[in-house]
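Shown next, in structure tokens, is the structure this report addresses.
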Amino acid sequence: MASGLPRQCAMLLGLIVLLMAALWTEALLPPEDEEENVLHIGGIFPVAGEGGWQGGQACMPAARLALEDVNREKNLLRGYRLHLHSNDSECEPGLGASVMYNLLYFPPYKLMLLAGCSTVCTTVAEAAKMWNLVVLCYGASSPALSDRNRFPTLFRTHPSATVHNPTRIKLLQKFGWSRVAILQQAEEVFISTVEDLEARCKEAGIEIVTRQSFLSDPTDAVKNLRRQDARIVVGLFYVVAARRVLCELYHQKLYGQSYVWFFIGWYEDDWFEINLEKEGITCTKEQMRMAAEGHLTTEALMWNQNNDTTISGMTAEDFRKRLNKLLKDDGYDIDNDRYPEGYQEAPLAYDAVWSVALAFNRTMERLSKLGNSLKNFTYENKEIADEIYAAVNSTQFLGVSPQGHVAFSSQGDRIALTQIEQVIDGKYVKLGYYDTQSDNLTWRNVERWIGGKVPQDRTIIRNVLRTVSLPLFISMAALSVIGIIIAIGLIVFSVYNRHRRVIYSSHPSANTIMLVGIIICFLAVLCIGVDGRFVTPWQFLIVCQARAWTMSVGFTLAFGAMFSKVWRVHRLSTKAKADQGKVSLVHEDGTILHGLLFPLVCPASLTYSRFLLKEEKIQAIKQKLAERDALKGTGTSRCRQSQPKQSFIIADYPTGEGTSDSAIGGGISICTKSSRASASDVEFSETYL
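The sequence shown begins at 1 in UniProt numbering and counts up by one.
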């Protein structure tokens, strides 16, 4: 009993599984009486997920509206109705491939596939040709999908992302920007878009200063933009990555009056304020609004701007009202402008279903003439697949999406008008439209720039002539001229009175050199004050050389002369020598002075001879005083006892005006009975001097 119970449970569980499988298979297959009148298509919608584009949130309801309208149209698909089998791909290529596999390998046969999200469409469209299936993408903008060799059975109602590039080039030219940086997410849709943008920039003569890419974390890429001094930046990434980029550029301070960012226009209007905590964004709503202020967007126009009645019998506004009501029923807060992702692309999904219905209608007409039917389609039937392809390729009708009639180019791309918007005070404002086919830019002149002017595309380097204040230059030049005049006057005075003992005993040659150096320094003041207002550029080079030489030469002469005098006094005051050394000292003095006077013509030899003459006179005075002292007797002895054997003094000879304290020499002191020389001594001395 105990062992039989598990077997019974296992059998019961197996029966339940088989029953559920049978019920599920039965649910998938329509009733036999309806199967003959149903045309089946597969739908892959990105609804959930955390990355990429979840546009299926609004595109799937729009497709359901289109199915209702198509099946209600009596003159379309006579005797048949269209049925959509859909599932969620989460904008993940792997999951999208799994959804496609389930659609293909579970009956009934699907005549065509609808897909959204570029990454999923790339996978689906590349594989669908193996089953002879036409794929119609309502939400794929990757330029790579335009490759007919790679995607031979692909059509799309969503314009290619390259449709934005001519608009971006037009805006760069309009605002005078010739230097731009690119920041991209490492996805094929953005890589191929950037390649096209680079080629167009090269043709327009616009410099790409740097191209940065990232997988999920844009921190390093944004920092590199700052290092490259990027001011105008084109950003290409999905909305989840866009929020990370916006927060990082706020932290790096790459926003405000000096920067302009181009973002993709198919984000929702409040994309920079939502899901911040959910995605771990480290910026507040206020910071995100600050960083987003002023950025530009370009997007293919998704909604028909005219009030014309479309093929469905509705205007674009009628469709909007119906879609909004359906989204409200699904729980979206449409009244407060809280739209689901993919709302802008909803008209494209609606028109995609109509494109399928019209293509099937035309295919049925052609096949009926050939004695064939869509019901005979299998994944190996290339004849019917080619008829479906030809019918889609020739489809043209007025839909709720813009740019007149829905039509496809030779690459299967939708031809569309581009809309330009700017964030002003936290809201998107339409600036204009650009028609790439006619090169016509419709501009409203409502743009607003932070700081009140168009930002520059680089750090502007302006050559500005920085001049010295003219009143300051005149005043300093006047003082310099006065100083030069005074110095020249002192030189003239020194030369004119060079025979006076007070003058030539004060080292006049060194004084003259010092004054000449001062004059040159005053001339340097004039050279330094001269700027580009007074001389030509080539003359200014001479002035620059004169500045350096006059200041250095003038300072050398002035300081060198002063230092020579100080050094001479130092030597004479710290080292006493015998009479034999006096002549040597004077000779050394003359050598130093001769070296200082080398740049100038100076009477060095005359000065030296005067010192020698003075020594001879002192010796004569010494001899006469000795003879007189021998006659006087005691007075002389006292003097000799009080006087050192040798002395080194200043003022060693009397003059007519008194004892000179300016001359520097070596010898013996004149000793008298009084503290000063007597009248007879003075007379005696003057006789020999």
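Backbone N, C-alpha and C define an ideal beta-carbon position, used for all residues, glycine too. Because the structure is a prediction, the values reported are computed rather than measured.
Is the Cβ-Cβ distance between residue i and residue j less than 7 angstroms?
i, j, result
"ASN132", "ALA385", "yes"
"LEU526", "SER480", "yes"
"VAL120", "GLY96", "yes"
"VAL222", "GLN184", "no"
"GLY52", "CYS137", "no"
"LEU39", "PHE360", "yes"
"ARG444", "LEU465", "no"
"PRO46", "LEU326", "no"
"residue 770", "ILE169", "No information on residue 770 is available, as it lies outside the stretch 1 to 689 that the chain covers here."
"ILE41", "LYS110", "yes"
"GLU341", "GLU268", "yes"
"LEU557", "ILE513", "yes"
"residue 694", "ASN497", "The requested residue 694 is not part of the displayed model; the chain covers only 1 to 689."
"GLU387", "THR363", "yes"
"THR315", "ASN307", "yes"
"ALA349", "ALA127", "no"
"residue 752", "VAL406", "Nothing can be reported for residue 752, as the shown portion of the chain is limited to 1 through 689."
"TYR250", "GLN305", "no"
"GLU345", "GLY139", "yes"
"ILE528", "ARG547", "yes"
"PHE151", "ALA115", "no"
"ASP457", "TRP177", "yes"
"GLY399", "THR309", "no"
"LEU77", "LEU67", "no"
"GLY517", "GLY554", "yes"
"VAL468", "ASP531", "yes"
Could you check whether the Cβ of residue i sits closer than 6 angstroms to any heavy atom belonging to the ligand ADP?
i, result
"PRO340", "For the ligand ADP, the structure offers nothing, since it holds no ligand at all."
For residue i and residue j, which I take to be in contact (beta-carbon distance under 8 angstroms), what is that distance rounded to the nearest angstrom?
i, j, result
"GLU293", "ILE420", "So it is not a contact: roughly 17 angstroms between Cβ atoms."
"THR298", "THR157", "In fact, because the Cβ distance is near 18 angstroms, the residues do not count as touching under 8 angstroms."
"ILE44", "MET100", "7 angstroms"
"ALA181", "VAL240", "Actually they are not in contact, since the Cβ atoms of ALA181 and VAL240 sit about 22 angstroms apart, beyond 8 angstroms."
"LEU254", "LEU225", "6 angstroms"
"THR193", "ALA230", "About 18 angstroms; that fails the 8 angstroms criterion."
"SER213", "ALA186", "5 angstroms"
"CYS521", "MET551", "7 angstroms"
I'd like the span of the alpha helix (DSSP H) that includes residue i, first residue to last.
i, result
"ARG289", "285-292"
"GLU317", "316-329"
"ASP69", "56-72"
"ILE503", "501-504"
"LEU470", "470-496"
"ILE528", "508-529"
"ILE384", "382-393"
"ALA561", "537-574"
From which residue to which residue does the beta strand (DSSP E) around residue i run?
i, result
"LEU374", "Looking at the DSSP string, LEU374 is not in any beta strand (DSSP E), and its letter there is neither H nor E."
"PHE45", "38-45"
"GLY432", "427-435"
"ILE281", "First-last for ILE281: undefined, no H or E at that position."
"TYR339", "Run containing TYR339: none; DSSP gives neither H nor E here."
"VAL423", "418-424"
"LEU465", "Element bounds for LEU465: n/a, residue is neither H nor E."
"VAL134", "134-139"
"TRP443", "440-443"
"THR297", "296-300"
Shortest alpha-carbon distance to residue i belongs to which of the options?
i, options, result
"PHE263", "ASP329, ILE311, ASN165 and ASN75", "ASN165"
"ASN440", "GLN456, ILE460, LEU417 and LYS453", "LEU417"
"LYS565", "LEU541, ALA510 and THR574", "ALA510"
"LYS285", "GLU273, ALA291, VAL400 and HIS295", "GLU273"
"TRP303", "GLN212, TYR433 and TYR379", "TYR433"
"ARG243", "ARG500, TYR259, GLU279 and LEU225", "GLU279"
"ALA347", "GLU50, GLN54 and CYS59", "A small correction: the amino acid at residue 347 is Pro; Ala does not occupy that position in the sequence shown. Looking at the Cα atoms, CYS59 is the closest of the given residues."
"ASN376", "PRO108, TYR238 and ALA63", "PRO108"
"TYR259", "GLN305, ARG366, ALA128 and LEU246", "LEU246"
"PHE473", "LEU523, TRP354, ALA300 and ILE311", "LEU523"
"ALA48", "ASN71, ASN87 and ASP425", "ASN87"
"ASN37", "ILE520, SER373 and GLY517", "SER373"
"ASP435", "ILE519, ASN149 and VAL163", "VAL163"
"PHE175", "TYR339, VAL454, GLU92 and LEU65", "VAL454"
"ARG568", "SER506, PHE534 and ALA626", "SER506"
"CYS283", "GLU248, LEU296 and HIS295", "GLU248"
List in chain order: all unbroken beta strand (DSSP E) runs of 3+ residues lying wholly within the stretch 75-128.
When DSSP assignments are scanned along the stretch 75-128, the uninterrupted stretches of beta strand (DSSP E) that are 3 or more residues long and fall wholly within it turn out to be 81-88 and 112-116.
Extract the residue ranges of the alpha helix (DSSP H) inside the stretch 143-219, only unbroken runs of 4 or more that lie entirely within it.
If we require 4 residues or more, the alpha helix (DSSP H) runs fully inside the stretch 143-219 come out as 164-174 and 188-204.
Mind listing, in chain order, the continuous alpha helix (DSSP H) runs of no fewer than 4 residues lying wholly within the stretch 210-265?
For secondary structure counted as the alpha helix (DSSP H) over 4 or more consecutive residues, the stretch 210-265 holds these complete runs in sequence order: 219-227 and 239-251.
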